[in-house]
Ligand code: 3PG
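Numbering (full-length UniProt numbering), first residue to last: 4 to 403.
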C-alpha cells in the first residue's frame, strides 16, 4: 500500500476490500477486532487524501438483501474508530453506492452494503462473478486488498476485482502473511498446535500438513470427541463425526510413525443438555474421565486435568498456533478449557499465534489483553488454508 500511496492517491477512489464480518447480537457488534484491524489501512488512505470505498461481506446471506446481515453497524463503528463521518450506501453497486462514492471528498470514507447481497459475489460461475466485478470496478480507480479473513474465497471482490484495477495489499494482509510465514518457514521448535472447534472435517487439511511439521498437536472442543471415539471410548451424546473416524485413525497412526505427539483430553466437563447461550443461566454439569463418559451426556469443555496437561505441553513451546475454542466458551460453565489455553499462551515465552474468528473473539471476550499474544489473526479458514500451503485466491490476485 505504501508504494501505491507514493505513486499518488489524492483524489483517487480507492476500493478497500476489508473483512468486516464481525459477530453481532442483533445490531450490536460483540467483537470489533476485525474493524480495528483494517483501521490503519483506512487511516493511511484518508491521510493521503484518497476517496475511500470500504467493502466487505458479513455472514452468509443468500445473494439477496437481508437486513439481518447489513453492514450498517460496522460502518458506524468504523466511523467511531477513525473519528470521522463514514457514509453508508444501502446497496452494493446500485444508485445508493454510486451516489455515496460520487459524493466523497478527498480523505472521506464510504462503506457500501454487504457484498453478498449480490449473487455475483460468491458465484461459482466465472462470467457471473466477472460481471459483478465489472460493476464494482466502476466505483473505483484503485484496489487495496485488506480482508485477510476472506482471501481463501474465490469471490468477485477478492479475486476478480483486483485483476481489473491497479492494486496493492493493505497493511493487515501484509502483517498476517508475515506472521504466518513464521509458522511455515524455519519454525522455531518445539512447535505446538492447538486445534479445537466443532468439526474434524474442517481441520483435515491442516492436520495432514501439520503432521509433517509440528512436534505436538493438542486437540479439544467438539472435534475431540471424534478422536476419543476413534480410540474406542464412549462419548455419550457428544458431537461426533463417525465418517471421519477412518481419517482420524490414519492421523493417529501417522503421528506415531513420525514422532508427532497427539494430545487428547483426559477429562471433560459434561452435561445432559446443551446450555442456553443467551440466558447463560448456571447449568447442571460435572467432570468425568474422558474414557468414561456416561451415556446421554454431552461433552462441553476440557476438564481441569486436561487444562493442566495442555498448559504443561505449551509451556516450553517456542512456537504455538491455536485455532478453535476448547469448549462452549460462550457459556461461563464451559469456558475454562478455552481460558486455560489462552492463559498458557500468555504465560509461554514462545511466539503464539491465535488464528480464527472464534478463537480471536474468545480471547477478547474472556478478557485477555490481545497484546499478550504474539499475534491474533483475523482469519480463521484463511489462516488454516495458508498453513495447509494452499494458493489463496485473494493473495494470488494481489501478487502479479
Ligand atoms: C470468516 O469469518 O472466516 C471470514 O469472514 C470468511 O467468512 P466465510 O467463511 O463466510 O467466507
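Cβ atoms here follow ideal geometry from the backbone N, Cα and C, with glycine treated the same way.
> Can you pull the DSSP bridge partners for residue 315?
Replying inline: Working through the chain shown from its first residue, we reach residue 315 at position 312. Its beta-bridge partners do not exist; DSSP assigns none.
>> I'd like to confirm the pairing. Which residues does DSSP put opposite residue 326 in its beta bridges?
In response: On the chain shown, residue 326 is found 323 positions in, with the first residue counted as 1. Partner(s): 198 and 358.
> Are the beta-carbon atoms belonging to residue 320 and residue 193 less than 8 Å from one another?
Replying inline: Working through the chain shown from its first residue, we reach residue 320 at position 317. Working through the chain shown from its first residue, we reach residue 193 at position 190. With contacts defined as CB atoms closer than 8 Å, residue 320 and residue 193 qualify as a contacting pair.
>> Can you tell me whether residue 363 sits near ligand 1, meaning its C-beta is under 7 Å from at least one heavy atom of the ligand?
In response: Counting from 1 along the chain shown, the entry for residue 363 is found at position 360. Answer for residue 363: no, Cβ out of range of ligand 1.
> Does DSSP put residue 115 in a helix, in a strand, or in coil?
Replying inline: As a first step, residue 115 is located in the chain shown; it is residue number 112 there, counting from the start. Reduced to three states, the DSSP call for residue 115 is coil.
> For the region 83-162, which segments carrying the alpha helix (DSSP H) assignment without a break, of at least 4 residues, lie completely within its bounds, in sequence order?
Replying inline: Taking only runs of at least 4 residues, the alpha helix (DSSP H) segments lying wholly in the region 83-162 are 98-105 and 129-140.
> Does the distance from the CB of residue 25 to the CB of residue 396 come in under 8 Å?
Replying inline: For the purposes of this step, residue 25 is identified with residue 22 of the chain shown, where counting begins at 1. For the purposes of this step, residue 396 is identified with residue 393 of the chain shown, where counting begins at 1. Result no, Cβ atoms of residue 25 and residue 396 do not sit closer than 8 Å.
> Contact check, residue 324 vs residue 358 under 8 Å by CB: the rounded distance?
Replying inline: Working through the chain shown from its first residue, we reach residue 324 at position 321. Working through the chain shown from its first residue, we reach residue 358 at position 355. Correct: roughly 6 Å between the Cβ atoms.
>> Can you tell me which residues fall inside 6 Å of ligand 1, judged by beta-carbon distance to its nearest heavy atom, and keep chain order?
In response: 22, 24, 63, 152, 153, 156, 360, 383 and 384
>> Can you tell me where the beta strand (DSSP E) holding residue 18 begins and where it ends?
In response: Looking up residue 18 in the chain shown gives position 15. Residues 16-20.
> Is DSSP giving residue 339 helix, strand or coil here?
Replying inline: Stepping through the chain shown from its first residue, residue 339 is reached at position 336. In the structure shown, residue 339 sits in a helix (DSSP, three-state: H, G or I).
>> Going by DSSP in three states, residue 274 sits in which element: helix, strand or coil?
In response: The count along the chain shown starts at 1 and reaches residue 274 at position 271. Strand.
>> Any contact between the region 311-320 and the region 279-290? By contact I mean 3 or more CB pairs, one from each, below 8 Å.
In response: no
> Quick one, are the C-beta atoms of residue 303 and residue 250 less than 8 Å apart?
Replying inline: Numbered from its first residue, the chain shown carries residue 303 at position 300. Numbered from its first residue, the chain shown carries residue 250 at position 247. In this structure, residue 250 does not lie closer than 8 Å to residue 303 by Cβ.
> Assuming residue 327 and residue 305 make a contact with CB atoms under 8 Å, what is their CB distance in whole Å?
Replying inline: The residue labelled residue 327 in the question sits at position 324 within the chain shown. The residue labelled residue 305 in the question sits at position 302 within the chain shown. Contact flag wrong, Cβ pair sits at about 12 Å.
> Taking the continuous alpha helix (DSSP H) assigned at residue 37, which residues delimit it?
Replying inline: For the purposes of this step, residue 37 is taken as residue 34 along the chain shown, with counting starting at 1. Element bounds for residue 37: 36-50.
>> In the DSSP output, what is residue 170 paired with across the bridge?
In response: Counting from 1 along the chain shown, the entry for residue 170 is found at position 167. Answer by DSSP bridge pairing, in chain order: 146.
> Contact check, residue 115 vs residue 92 under 8 Å by CB: the rounded distance?
Replying inline: Taking the chain shown and counting its residues from 1, one reaches residue 115 at position 112. Taking the chain shown and counting its residues from 1, one reaches residue 92 at position 89. At roughly 4 Å, the Cβ-Cβ gap stays under 8 Å, so residue 115 and residue 92 are in contact.
> Around the C-beta of residue 95, are 16 or more other C-beta atoms found within 10 angstroms, so that it is buried, or is it exposed?
Replying inline: Looking up residue 95 in the chain shown gives position 92. Buried, since its Cβ has 16 or more Cβ neighbours within 10 Å.
> Whole-angstrom Cβ separation of residue 107 and residue 12, contact assumed at under 8 Å?
Replying inline: Walking along the chain shown from the start, residue 107 turns up at place 104. Walking along the chain shown from the start, residue 12 turns up at place 9. The beta-carbon distance between residue 107 and residue 12, rounded to whole angstroms, is 13 Å. This is too long to meet the 8 Å contact definition.
> Under 8 Å, do residue 147 and residue 49 count as touching if we go by C-beta distance?
Replying inline: Here residue 147 refers to the residue found at position 144 of the chain shown. Here residue 49 refers to the residue found at position 46 of the chain shown. Contact: no.
> In chain order, what residues of the same chain lie with their CB nearer than 6 Å to the CB of residue 298, ignoring the 5 residues before and after it?
Replying inline: Here the question's residue 298 lines up with position 295 in the chain shown. The answer, listed in chain order, is 239.
>> Spatial neighbours of residue 14 within its chain, please: C-beta separation below 8 Å, excluding the five flanking residues on both sides.
In response: In the chain shown, the residue the question calls residue 14 occupies position 11. Excluding positions up to five away in sequence, the list reads 52, 53, 54 and 109.
>> Contact criterion: CB-CB distance below 8 Å. Does residue 200 meet it with respect to chain B?
In response: Reference to chain B is not applicable here, since this structure consists of a single protein chain.
> Taking C-beta to C-beta, are residue 213 and residue 190 nearer than 8 Å?
Replying inline: The residue labelled residue 213 in the question sits at position 210 within the chain shown. The residue labelled residue 190 in the question sits at position 187 within the chain shown. Taking 8 Å as the Cβ cut-off, residue 213 and residue 190 do not qualify as a contacting pair.
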